[in-house]
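By the UniProt record's numbering, the letter at position 19 of the sequence shown is numbered 19, and the numbering carries on one by one without gaps. Cβ atoms here follow ideal geometry from the backbone N, Cα and C, with glycine treated the same way. Below: one structure, written as structure tokens.
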Amino acid sequence: MGRNQGDRMETDEQDTPRPGSSAEHEDDAGDTGDAGDAEVAGLIRRVRRRAEWSQRDLAEQLGVSQSAVAKWETGRTTPSARVLARILTLGELRLVAVDSTGAQVAAMRSDAARDAGGRRYPAHMFVWTEGWWAPPGADMTAWIGAIQGRSRELELPRVRFGSDRMAWRAQAPSEPDDHPTWRELVEQAKGGWSQPSRPLRFPIPAWALADSRKSRNRSPADFWTRGAPTRSEPVTNPLGRTG
Numbered sequence: 001m002g003r004n005q006g007d008r009m010e011t012d013e014q015d016t017p018r019p020g021s022s023a024e025h026e027d028d029a030g031d032t033g034d035a036g037d038a039e040v041a042g043l044i045r046r047v048r049r050r051a052e053w054s055q056r057d058l059a060e061q062l063g064v065s066q067s068a069v070a071k072w073e074t075g076r077t078t079p080s081a082r083v084l085a086r087i088l089t090l091g092e093l094r095l096v097a098v099d100s101t102g103a104q105v106a107a108m109r110s111d112a113a114r115d116a117g118g119r120r121y122p123a124h125m126f127v128w129t130e131g132w133w134a135p136p137g138a139d140m141t142a143w144i145g146a147i148q149g150r151s152r153e154l155e156l157p158r159v160r161f162g163s164d165r166m167a168w169r170a171q172a173p174s175e176p177d178d179h180p181t182w183r184e185l186v187e188q189a190k191g192g193w194s195q196p197s198r199p200l201r202f203p204i205p206a207w208a209l210a211d212s213r214k215s216r217n218r219s220p221a222d223f224w225t226r227g228a229p230t231r232s233e234p235v236t237n238p239l240g241r242t243g
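Right, here's the structure in full:
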């Protein structure tokens, strides 16, 4: 004798039994998370709805247990951003960020300029240039023009970063919501460069080309066009004089 549909009420937390298997009861211990957790839980369930997957099916796709999926959907735990992005991809969706008006917000660029150690500049700070690179303390020396001239040839701008919006705006009145690329920094430096009125023929001391731990710019070793000289070789400045 067939069972009347009214004899047993099925809920959203219960899958339709598959042929040859017992009914799979999804864990529904009650939502315990906040609104953000509920949004994540709803997105996960949306993916399952689109793919017509049970919790077990999704768990198999992700290589996790069914209980892990159940905890995500009830807000007891939250998947990492990487896992959530993967879940959405399985449902042919993608993870985006929007502001308070609903406009989509792009991630910060991946090709932004980095310091000599390959590190990104702090995301909360502004990044700009102040002319061409020179070692700390070189600004008041007679050979600063020669070093900056060589720095310009190598396209090594003097990069500054900080929270001073006015200092940044004076040098780079461009997009404030991202960091510039290295090419953009080079172009900024070129815009503020002026050739010295007279060539400065002074040898550049070896210590001026030594790397500084305080520098967050390109390595001074880049100043040597064919490798660093040995101790027995004279130091040659960019203008051709030796010392």
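- The three-state reading of DSSP puts A142 in coil, since its state is none of H, G, I, E or B.
- Exposure of P136 is indicated by the presence of fewer than 16 other C-beta atoms within 10 angstroms of its C-beta.
- The shortest CA-to-CA distance from A189 to any of P157, D139, A97 is the one to P157.
- Cα atoms of I147 and W128: separation of roughly 20 angstroms, rounded to the nearest angstrom.
- At a cut-off of 4 residues, the continuous stretches assigned as alpha helix (DSSP H) that sit fully inside the region 41-78 are 55-62, 66-74.
- For V186, no beta strand (DSSP E) encloses it; the enclosing alpha helix (DSSP H) starts and ends at 182-191.
- G75 and Q61 have their C-alpha atoms some 20 angstroms from each other.
- With distances taken between CA atoms, S163 lies nearest to Y121 out of G145, A134, Y121.
- In this structure, the CA atom of R152 is about 12 angstroms from the CA atom of L185.
- In this structure R48 is in contact with L58, their Cβ atoms being roughly 6 angstroms apart against a cut-off of 8 angstroms.
- Contact between G91 and R45 does not hold, since the beta-carbon distance rounds to 10 angstroms and is not under 8 angstroms.
- Nearest C-alpha to H124 among G117, M108, G118, E130: M108.
- When beta bridges are read from the DSSP output, P157 appears opposite W132.
- Judged by DSSP in its simplified three-state form, R86 adopts helix.
- Here DSSP, grouped into helix, strand and coil, assigns G36 to helix.
- For the set R160, D177, A134, the Cα lying nearest the Cα of R114 is the one of R160.
- The shortest CA-to-CA distance from S80 to any of R183, W53, D37, A116 is the one to D37.
- The C-alpha of A106 is placed about 26 angstroms away from the C-alpha of W72.
- Within the same chain, Cβ atoms closer than 7 angstroms to the Cβ of W182 are found at A113, the five residues on either side in sequence being excluded.
- Per the coordinates, the alpha-carbon of R119 lies some 20 angstroms from the alpha-carbon of W132.
- Under the three-state reduction of DSSP, R119 is assigned to coil, being neither helix nor strand.
- In the structure shown, the three-state DSSP call for A112 is strand.
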